[in-house]
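Chemist:
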DNA sequence: CAGAAGTGCAATCCTGGGGTTGCAGGTTGG
DNA sequence: CCAACCTGCAACCCCAGGATTGCACTTCTG
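Residue numbers (my numbering), protein chains in the order written: chain C, 1 to 134; chain F, 1001 to 1134.
1. Quick one: Cα of residue 1137 of chain F to Cα of residue 22 of chain C, how far?
2. With a Cβ-Cβ cutoff of 8 Å, do residue 51 of chain C and residue 1084 of chain F count as a contact?
3. Taking the beta strand (DSSP E) that residue 1032 of chain F falls in, what are its first and last residues?
4. What residues match up with residue 1048 of chain F in a beta bridge as DSSP calls it?
5. Rounded to whole angstroms, what's the CA-CA distance from residue 1091 of chain F to residue 73 of chain C? Just pull it up for me.
6. Along chain F, which residues have their Cβ under 9 Å away from the Cβ of residue 84 of chain C?
7. Excluding sequence positions up to five away, which residues of its chain have a Cβ less than 8 Å from the Cβ of residue 1012 of chain F?
8. Please report how far the alpha carbon of residue 59 of chain C lies from the alpha carbon of residue 18 of chain C, in whole angstroms.
9. When the Cα of residue 1075 of chain F is compared with those of F:1038, F:1062 and F:1100, which residue comes out closest?
10. Suppose contacts are defined by Cβ-Cβ distances below 8 Å. Is residue 66 of chain C in contact with residue 31 of chain C by that definition?
11. Scan the segment 23 to 34 of chain C for residues whose Cβ lies nearer than 7 Å to a Cβ of chain F and list them as they occur along the chain.
12. At a cut-off of 7 Å, would you count residue 27 of chain C as near the ligand MN, judging by its Cβ distance to the nearest heavy atom?
13. For residue 79 of chain C, report the span of its beta strand (DSSP E) as first-last.
14. Determine whether the Cβ of residue 1061 of chain F lies closer than 8 Å to any Cβ atom of chain C.
15. Our contact map puts residue 99 of chain C next to residue 1081 of chain F with C-beta atoms below 8 Å; I'd like the distance itself, whole angstroms only.
16. Using a Cβ-Cβ distance under 8 Å, would residue 1105 of chain F count as near chain C?
17. Which residues in chain F have a C-beta closer than 9 Å to the C-beta of residue 57 of chain C? List them in chain order.
18. Taking the DSSP output, what are the residues bridged to residue 1067 of chain F?
19. Take the Cβ of residue 29 of chain C as the centre, count every other Cβ of all protein chains shown within 10 Å, and call the residue buried at 16 or more, exposed below.
20. Around the C-beta of residue 70 of chain C, are 16 or more other C-beta atoms found within 10 angstroms, so that it is buried, or is it exposed?
21. Is there a Cβ of chain C sitting closer than 8 Å to that of residue 1016 of chain F, yes or no?
22. Comparing the C-beta of residue 87 of chain C with each C-beta of chain F, is any distance below 8 Å?
23. What do you get for residue 104 of chain C, buried or exposed, if any count of 16 or more other CB atoms within 10 angstroms of its CB means buried?
24. Tell me, please, which residues DSSP counts as bridged to residue 1038 of chain F.
25. Alpha carbon to alpha carbon, what distance is there between residue 1054 of chain F and residue 1034 of chain F?
26. Tell me whether residue 1045 of chain F is buried or exposed, calling it buried when 16 or more other Cβ atoms sit within 10 Å of its Cβ.
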């Protein structure tokens, strides 16, 4: 049942993890070209064993990037554009947020700010408690 | 020198690989909040050692998601929104392509097509030459 | 009904890469 | 000039996960 992408939460982690693997992207591509496809069918036209394909399909499904339905003795998978779209939206948002900060930083640098003193951080007082930095 | 994202090619593989790691996303987030940051600074406010941070910064840089400039004795990194944007665009394109095919498939199924015979594929002729399917 | 084709599951192998430690080389500031 | 701080390798540990093999079960076809 996918376990993800059921609602509006894209589950970024699963999606990026799924998309990070080349073989998985290959499988996705094949699935994108054909309309519906079984694991065995994909395995037949890629240099990957059926079992490996199944694993990848599972990951892709959990990421909400594909969905499968059982027909007779075989399971047909198809691509789910919404998943990718959601992830794309997330990335665009992030980029926008960064842009905002950078732009702000820039115009703040150009403005004749009076108080420019770097406040020394003052965070190295007693008790480091951080991880060893070497 | 990043080695990537110099031109218009987003280098999907590097970007997704970079984004797939949680720690790397954390580093990115920190870098997104602060305007510019050194590796040591990031290491100081995350549960990661400086060396690990450096590795992640390298990966992010090669993916074109950040850029660094040497100042005095330290190297300051900043986020690069364009990289993310490019990747997002790629994903959106993919999703669109899939949508197109699925839509086409659907209207083709609804249309009263005369010739509906499944053409049997006929691809299992002589000479499999594929990998062992078990 | 028997064989072929497809799926599901479990055990195993093995490489990649995230994380750490250790040390050497540069810069900065008192 | 010396101490503090930051960066830059390099070697090493360790485990997640990608890939394979083997077998049992179900479904379709002749």
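For every residue, glycine included, the Cβ atom is placed at its ideal position computed from N, Cα and C. This structure is a prediction, so every number in the text was calculated from the model and none was measured.
Modeler: Taking the geometry as given:
1. No information on residue 1137 of chain F is available, as it lies outside the stretch 1001 to 1134 that chain F covers here.
2. Taking 8 Å as the cut-off, the Cβ atoms of residue 51 of chain C and residue 1084 of chain F do not count as close.
3. No beta strand (DSSP E) holds residue 1032 of chain F; the alpha helix (DSSP H) holding it covers 1022 to 1033.
4. Looking at the DSSP assignment, residue 1048 of chain F forms no beta bridge with any residue, so it has no partner.
5. 33 Å
6. 1091, 1092, 1094, 1095 and 1098
7. 1087 and 1090
8. 6 Å
9. Answer by Cα proximity: F:1038.
10. yes
11. Sequence-ordered contacts of the segment 23 to 34 of chain C with chain F read 32 [C-beta pairs closer than 7 Å].
12. This structure lacks the ligand MN, and indeed carries no ligand of any kind.
13. Where residue 79 of chain C is concerned, the enclosing beta strand (DSSP E) starts and stops at 75 to 79.
14. no
15. 5 Å
16. yes
17. Residues of chain F whose Cβ lies closer than 9 Å to the Cβ of residue 57 of chain C do not exist, since the nearest Cβ in that chain is about 15 Å away.
18. Per DSSP, F:1078.
19. exposed
20. exposed
21. So, interface residue.
22. yes
23. exposed
24. F:1076
25. 17 Å
26. exposed
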